[in-house]
Each structure stands twice: as C-alpha cells, then as structure tokens.
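**Q** Residue numbers (full-length UniProt numbering): 1 to 197. Beta carbons: idealized from backbone N, C-alpha and C, even for Gly. The structure presented is a predicted model; accordingly, all values stated were derived computationally and were not measured. Submitted below is the structure of interest, expressed as structure tokens.
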C-alpha cells in the first residue's frame, strides 16, 4: 500500500522490511508493514513509497487470498465478485471506450440506496473529466457524461460509485410569471456555454 494512503499516525512495523524486484528497474525496499482490518479480517499490507511504480493504491497478494480461501469471479478481465469463505464482496467495475476528443454518456454501477444524489469528481487521469454532477440511479446504474479532452483513445475503468445525499431546493416561480429583466443575461450565458461545448 502506498504511504500517502495511510491514516496519519497509523503505526508502521519497520522491523519487517522486504526488497522487491521485478517491478520496474532495480530493487525497491518497502517501508514496513501495517495491519488493517477489512470486514473484520486483519490484513497485512507492505507499505511502499508513493513513487512505487503501480497505478493502484495497493495490491492484495496471492498468499492472502489463498489464506482467506478467497474465490475471484472475473467478468471482462476484471474481478466482479470476491468470496471469503461464507461472505461475498461485490467489486463491480465497468470499462468504457473513450475515443479522442469526445463527450460520451456512460452507465456506472452503484450500490447506493439513494434514487438521486451527488457524484463526486472521478479521478480518471489527465484530460478525462467525469462526475461532479447530480445524477439519478435506475436498476443500480447511474448515467453520467465523461469528457475525453486528450488526443488519445482511452479505456476508462471505473469502480461502482456512491451517490451522496443532497438538499433539493424547491423550484422558484417561473420566469414567465415574474419580471424578465434577466432574460438577455440567461440568453448570453446559454450562448457562451454552447460555444464552449
């Protein structure tokens, strides 16, 4: 697990150090070991420097999965279910093809019980914009737009997202029943937005 992901003050056992090879060039020395309970199972993680050459936050090793008698079910080359003896943990991912310089509507899984909520900005890498939007779910799917502003074809893999509750302000009076002094301002704003898109 990368050091930046640790809760501040979490003790690291620095007496257990490993030298890792085969990941990039040379040898990488771990910073120590921590134990984090996940679903009441104590899991040992080796702490690595933040510049460790993997894109993930961390990796569960084969020895841990064997020890927990875990079974991985794969769909589209991604783990969709992890079963630990009598308990299963769904880890739904979806992959989306993003052609260069496009805006595309995608459907992403959610386990949220909320029907409508806020989707935080999704960290999808440089030039890829997703989230930061109010969305509704239907059949455990949330539809949202993703923008690929790069000149590269990208495959975006997203885990299930969480909808956060929001306060909804009731609609105000319609503009046709009120003073229309800001009508030209709204038209100007709409034209500026259309030019950006």
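Residues in the same chain with beta-carbon distance under 6 Å from residue 20, minus the five sequence neighbours each way, listed in chain order, please.
**A** As a position in the chain shown, residue 20 is number 20, starting the count at 1. Answer for residue 20: 28, listed in chain order.
**Q** Measuring alpha carbon to alpha carbon, tell me which of 3, 36, 35 ends up nearest residue 47.
**A** The sequence position of residue 47 within the chain shown is 47, counting from 1. Closest by alpha carbon: 3.
**Q** Output yes if chain B places a C-beta closer than 8 Å to the C-beta of residue 4; else output no.
**A** This model lacks chain B altogether; it includes just one protein chain.
**Q** Could you tell me if residue 30 is buried or exposed, where buried requires 16 or more neighbouring beta carbons within 10 angstroms of its beta carbon?
**A** As a first step, residue 30 must be located in the chain shown, where it is residue number 30. Flag for residue 30 reads buried.
**Q** How long is the line joining the alpha carbons of residue 137 and residue 166, rounded to whole angstroms?
**A** Locating residue 137 in the chain shown gives position 137, counting from the first residue. Locating residue 166 in the chain shown gives position 166, counting from the first residue. Rounded to the nearest angstrom, the two C-alpha atoms are 14 Å apart.
**Q** Quick one: Cα of residue 163 to Cα of residue 26, how far?
**A** Position 163 of the chain shown, counted from the start, is the residue given in the question as residue 163. Position 26 of the chain shown, counted from the start, is the residue given in the question as residue 26. Whole-angstrom Cα-Cα distance: 42 Å.
**Q** What does residue 121 pair with, by DSSP beta-bridge criteria?
**A** Your numbering for residue 121 matches position 121 in the chain shown. BP columns for residue 121 are empty, so no partner.
**Q** Which same chain residues end up closer than 7 Å to residue 109 when comparing Cβ atoms and leaving out the 5 residues on each side of it in sequence?
**A** The sequence position of residue 109 within the chain shown is 109, counting from 1. So the qualifying residues of the chain are 92, 94, 140, 141, 160.
**Q** Among 133, 42, 112, which residue has its Cα nearest to the Cα of residue 105?
**A** Along the chain shown, read from residue 1 onward, the residue named residue 105 stands at position 105. Minimum Cα distance to residue 105 is reached at 133.
**Q** Going along the chain, which residues of its own chain have a beta-carbon closer than 8 Å to the beta-carbon of residue 126, five neighbours each way excluded?
**A** Counting from 1 along the chain shown, the entry for residue 126 is found at position 126. Once the five neighbours on either side are set aside, the close Cβ partners of residue 126 are 150.
**Q** Quick one, which of 135, 130, 41 has its alpha-carbon nearest residue 113's?
**A** Position 113 of the chain shown, counted from the start, is the residue given in the question as residue 113. If we check each option's Cα against that of residue 113, 135 comes out closest.
**Q** Starting from the Cα of residue 6, find the closest Cα among 32, 103, 111 and give me that residue.
**A** Reading the chain shown from its first residue, position 6 is the one you call residue 6. The residue with the shortest Cα to Cα distance from residue 6 is 32.
**Q** Pick helix, strand or coil for residue 4, following the three-state DSSP scheme.
**A** The residue given as residue 4 occupies position 4 in the chain shown. Looking at residue 4 - three-state DSSP - the assignment turns out to be helix.
**Q** Name the one or two DSSP bridge partners that residue 135 has.
**A** Counted from its first residue, the chain shown places residue 135 at position 135. Residue 135 is bridged to 117.
**Q** Within the continuous beta strand (DSSP E) that includes residue 95, where are the two ends?
**A** The sequence position of residue 95 within the chain shown is 95, counting from 1. Where residue 95 is concerned, the enclosing beta strand (DSSP E) stretches over 93–98.
**Q** Which residue comes first and which comes last in the beta strand (DSSP E) that contains residue 144?
**A** Here residue 144 refers to the residue found at position 144 of the chain shown. Unbroken beta strand (DSSP E) run through residue 144: 141–148.
**Q** Consult DSSP for residue 166 and reduce its assignment to one of helix, strand or coil.
**A** Position 166 of the chain shown, counted from the start, is the residue given in the question as residue 166. In the structure shown, residue 166 sits in coil (DSSP, three-state: anything other than H, G, I, E or B).
**Q** Strictly by DSSP, which residues pair up with residue 13?
**A** Here residue 13 corresponds to residue number 13 of the chain shown, with the count starting at 1. Its beta-bridge partners are 33.
**Q** Excluding the five sequence neighbours on either side, which residues of its own chain have a C-beta within less than 8 Å of the C-beta of residue 44, listed in chain order?
**A** Sequence index remark: in the chain shown, residue 44 carries index 44 (1-based). Excluding positions up to five away in sequence, the list reads 33, 34, 35, 64.
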